[in-house]
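Residue numbers (full-length UniProt numbering): 1 to 75.
Beta carbons: idealized from backbone N, C-alpha and C, even for Gly.
Just so we're clear, the structure is a prediction, and the values are computed from it rather than from any experiment.
First comes the structure, then the notes that go with it.
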Amino acid sequence: MIELFSFPFPPARPSRPEACGLRHLAFSVDDIEAAVAHLTSHGVECEAIRVDPFTGKRFTFFSDPDDLPLEIYQQ
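In structure tokens form, the structure reads like this:
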């Protein structure tokens with residue numbers, strides 16, 4: 001999955017994944033709990049799992065070694 005965002009009226013508050021101009025990769029997974037467990041077992045810190053208010057799908061973010069955000073999204 002390649003997820004592209006464009007915010008003509010970005011939110012006033014800065015937020016890592018949604019901030020204007022910030023890009024990130026999103027990876028589709030079948031089981032988000034299993035994906036988070038795999039990442040954390042390898043020392044990767046993940047944000048809390050959230051629910052997309054538009055789709056009802058679950059997702060979370062973590063950072064790559066350069067501190068760039070990456071997303072996993074349960075299909």
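Over what stretch of residues does the alpha helix (DSSP H) that includes residue i continue unbroken?
i, result
"residue 55", "Neither: residue 55 is in no alpha helix (DSSP H) and is coded neither H nor E."
"residue 33", "32-41"
Is the distance from the Cβ of residue i to the Cβ of residue j below 9 Å?
i, j, result
"residue 60", "residue 36", "yes"
"residue 62", "residue 25", "no"
Can you give me the start and stop residues for the beta strand (DSSP E) that residue i sits inside?
i, result
"residue 29", "25-29"
"residue 72", "69-74"
Out of the options, which one is the CA nearest neighbour of residue i?
i, options, result
"residue 46", "8, 74, 9, 70", "70"
"residue 68", "32, 33, 44, 57", "44"
May I have the straight-line CA-CA distance separating residue i from residue j, to the nearest angstrom?
i, j, result
"residue 42", "residue 64", "13 Å"
"residue 33", "residue 53", "19 Å"
"residue 31", "residue 50", "14 Å"
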